[in-house]
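Participant: According to our numbering, the sequence shown is numbered sequentially starting from 11.
From the three backbone atoms N, C-alpha and C, an ideal C-beta is built for every residue, glycine too.
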Amino acid sequence: MKKPRVVFPFVEAGYGHIMPMRSIAETFQRKYGDKVEVVLSDFFTETRDKHLEHYEQTLSRQVRIYNRVPAIGYFVSLFGELLGSRFSSFIALRLIAPIAYKRAAAHMRDLAPDVVFSTHWATNYYAENLKNKPMTVMYCPDARFCKMFQYRSDLYMISTPKGYAKAIRKKGYNENNLKLVNFPIRNEAFASVSDKRAARKELGLPEDVFTVLLTEGGYGIGKMERICKKLIKERMPLTVIPVCGKNEKLYRLFSSLESTKEVTFKPYGFTDEILKLHAAADIFCGKSGNILAEATFFGVPTIVTNCTHLIERQIADHYINTVGCAVKQLSPPKTVKKIKEFAVDPSMLASYQKAALDYHERFGSEQAADELFKAISRLYPGLS
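Structure (structure tokens):
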């Protein structure tokens, strides 16, 4: 029997799509790679087709635009909800970039998948519209299914109880095609150092100083600059660690700033140390998104400083109201004030820390990988 070909197409439209895809793909390959053929595809870049590369750049550019001007993000996400999945997908993929759509559909066909697992709606759409349609499986990395993720698929997965409960009531979803799974945090997190003092020692940070980690997603666009400029002028012991991601301009700016002698200011650009930085932190501050999961995994409370569209607001709501490990403060001066309050009295963070740690068992990609294999096994009974 020929092994089913399972394709995992990666899309960069914010790292919230890449992180769960990589985690699930790695776990699936480790557990079931002997039973199926696993293909990891850098979908928009591996053929070096200029139209595909440009379209992926358009997707990531939209994320950066939303970060700079959240009103645009809210408008686009609300407009998509009103249009519905079919029309939203048609406009975003076929109408706006028709040549890229044809090239993408051809590339998906050339990959010859029997199964396509997506964490982005675009690759699911391409697979669903092939003449010889493969089995399609879609993991939604958001708190709820937006309309783009409600486009048809053979199997859907989501990690938030509220998102699952809302979707299961809708027409077209049932217990067979919709699964609630743990959030597929990076697999490296489970092997990463989790003791704060040990993490700080490895990073060369003061071991007994209140530590603040800040990010604004992979593109480093948001309120972090204003918050950091205020924090580094404080006359109290603080360690302030901004992670700028791909924003080299912001990293260069931070590298040129001087802090007071009481503040240890250590900016990072794009870094592989992010998990260790989470483990070292007392509090995490940043834009809403899937990076909140990593802070929560290490028991670190969060101050959500920005929500650039409806999807991010729903993610923030999940960690604030369902998990209970986060607060929202959109004003940079008030965020600095809140950080200082926590630094003076860290016991104020205890309830948030407990809530984060209580949610710890809801992380990991094993469930998603197992559900994927179960679905494939139903289609190919000889596998199990």
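(1) What is the rounded straight-line gap between the Cα of A110 and the Cα of H61?
(2) Taking 7 angstroms as the cut-off, decide whether the C-beta atoms of G299 and L224 are in contact.
(3) How many Å lie between I251 and Y25 at the Cα?
(4) Identify every run of the beta strand (DSSP E) within the stretch 228-255, keeping only runs that are complete inside it and at least 3 residues long; order them along the chain.
(5) When burial is assigned at 16 or more other CB atoms within 10 Å of the CB, is V17 buried or exposed?
(6) According to DSSP, is D380 helix, strand or coil?
(7) Can you tell me where the beta strand (DSSP E) holding M358 begins and where it ends?
(8) On the CB-based measure, 16 or more other CB atoms within 10 Å of its CB, does V354 come out buried or exposed?
(9) Under three-state DSSP, which class holds E56?
(10) Is V73 near Q377, with beta carbons less than 7 angstroms apart?
(11) Of all the options M158, S99, L121, Y136, which has the alpha carbon lying nearest to the alpha carbon of K112?
(12) Apart from the five residues just before and just after T146, which ones in its own chain have a Cβ nearer than 6 angstroms to its Cβ?
(13) Under three-state DSSP, which class holds G26?
(14) Should the stretch 209-226 be regarded as contacting the stretch 178-187, the criterion being three or more beta carbon pairs within less than 8 angstroms?
(15) From K141 to I106, what does the alpha carbon distance come to, in whole angstroms?
(16) Buried or exposed: where does D205 fall if 16 or more other Cβ atoms within 10 Å of its Cβ makes it buried?
Facilitator: In this structure, then:
(1) Locating residue 110 in the sequence shown gives position 100, counting from the first residue. Locating residue 61 in the sequence shown gives position 51, counting from the first residue. Approximately 5 angstroms, taken between the alpha carbons.
(2) Reading the sequence shown from its first residue, position 289 is the one you call residue 299. Reading the sequence shown from its first residue, position 214 is the one you call residue 224. For G299 and L224, no; Cβs fall outside 7 angstroms.
(3) Residue 251 sits at position 241 when you count from the first residue of the sequence shown. Residue 25 sits at position 15 when you count from the first residue of the sequence shown. If you take the alpha carbons of I251 and Y25, they lie about 20 angstroms apart.
(4) Taken in chain order, the unbroken stretches of beta strand (DSSP E) that lie wholly in the stretch 228-255 and span 3 residues or more are 248-253.
(5) Here residue 17 refers to the residue found at position 7 when the sequence shown is read from its first residue. It is buried - the Cβ of V17 has at least 16 other Cβ atoms within 10 Å.
(6) Residue mapping note: residue 380 aligns to position 370 of the sequence shown, counting from 1. In the three-state reduction of the DSSP assignment, D380 falls in the helix class, which pools H, G and I.
(7) Here the question's residue 358 lines up with position 348 in the sequence shown. First-last for M358: undefined, no H or E at that position.
(8) Against the sequence shown, residue 354 aligns to sequence position 344. Answer is exposed; the Cβ neighbour count stays below 16.
(9) In the sequence shown, residue 56 corresponds to position 46, counting from 1. Of the three classes helix, strand and coil, the one that applies to E56 here is coil, per DSSP.
(10) One-based indexing of the sequence shown puts residue 73 at position 63. One-based indexing of the sequence shown puts residue 377 at position 367. The answer is no: Cβ separation not under 7 angstroms.
(11) Here residue 112 refers to the residue found at position 102 when the sequence shown is read from its first residue. Comparing Cα positions, the closest option is Y136.
(12) As a first step, residue 146 is located in the sequence shown; it is residue number 136 there, counting from the start. Within the same chain, T146 has close Cβ partners V126, N134, A137, E138, S163, D164.
(13) Residue mapping note: residue 26 aligns to position 16 of the sequence shown, counting from 1. Helix, per DSSP.
(14) Contact fails: fewer than three Cβ-Cβ distances are below 8 angstroms.
(15) Position 131 of the sequence shown holds residue 141. Position 96 of the sequence shown holds residue 106. When rounded, the separation of the alpha-carbon atoms in K141 and I106 is 22 angstroms.
(16) Here the question's residue 205 lines up with position 195 in the sequence shown. D205 is classed as exposed because its beta carbon has fewer than 16 other beta carbons within 10 Å across all chains shown.
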